[in-house]
Amino acid sequence: ESPLSVKELLARILPDNSQPRCLILPGSEKISTVAIVSGGAPFEAFQAFGKGIDLYITGEPSHSVYHELVENKLNFVAAGHYATEVWGVKAVAARLAREKSIETIFIDIPTGL
74 ESPLSVKELL ARILPDNSQP RCLILPGSEK ISTVAIVSGG APFEAFQAFG
124 KGIDLYITGE PSHSVYHELV ENKLNFVAAG HYATEVWGVK AVAARLAREK
174 SIETIFIDIP TGL
């Protein structure tokens with residue numbers, strides 16, 4: 074698949090066109106590679122430096138990572154702690170349903186955080 078703009082990628086991954094909590098976009102305008110750590114993991118972005126990653130996604134931002142991200146030209150999205158953690162839960166539920174015929178239900182109780 075061709076690279077996506079940050080806006081196009083966010084439209085695919087954020088529920089109901091919600092807005093991320095924080096965007097820091099010093100890197101490439103077209104996104105081909107993404108690293109994701111759900112929940113609150115802003116400092117894990119440092120592990121993506123120098124590895125060809127265009128965008129790092131996590132749940133929560135930190136003021137302390139800003140200058141390192143800019144200096145290393147790594148795009149950063151904090152999409153919300155809850156929002157990033159539900160992707161994995163939904164994927165596991167879908168896999169259980171598909172592979173094991175186990176009925177699953179996801180109860181969505183967002184916190185807004």
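In this text, residue positions in the sequence shown follow the working numbering: the first is 74, and each later residue adds one. The beta carbon of each residue, even a glycine, is placed where N, CA and C say it ideally should be.
Here's a check: name, in chain order, each residue in its chain whose Cβ is nearer than 7 Å to the Cβ of Pro183, leaving out the five neighbours to either side. Around Pro183: Tyr155.
Run the CB neighbour count on Gly132, radius 10 Å, all protein chains shown included, and call it buried at 16 or more, exposed below. Label assigned to Gly132: buried.
Three-state secondary structure (DSSP) at Phe179? In the three-state DSSP reduction, Phe179 falls in the coil class, being neither helix nor strand.
Outcome for Ile178 when other beta-carbon atoms lying within 10 angstroms are tallied against a minimum of 16: So Ile178 counts as exposed.
For Thr157, the first and last residue of its enclosing alpha helix (DSSP H): Taken as a continuous stretch (DSSP letters only), the alpha helix (DSSP H) holding Thr157 covers His154 to Lys173.
State the Cα-Cα distance for the pair Val162 and Pro134, rounded to the nearest angstrom. Take the alpha-carbon of Val162 and the one of Pro134: they are about 22 Å apart.
Is the distance from the Cβ of Gly153 to the Cβ of Asp127 below 8 Å? The criterion of a C-beta distance shorter than 8 Å is not satisfied by Gly153 and Asp127.
Beta-carbon proximity of Lys121 to Leu147, cut-off 8 Å: Residue identity check: residue 121 is Ala in the sequence provided, not Lys. Cβ distance < 8 Å, so Ala121 and Leu147 count as in contact.
Can you name the start and end residues of the alpha helix (DSSP H) that Leu87 belongs to? Element bounds for Leu87: n/a, residue is neither H nor E.
Bridge-paired residues (DSSP) for Asn187: This structure cannot settle anything about residue 187, because the visible part of the chain is limited to 74 through 186.
Where Lys124 and Ala118 are concerned, what is the direct C-alpha to C-alpha distance, given to the nearest angstrom? Using only the alpha carbons, I get a separation of about 11 Å.
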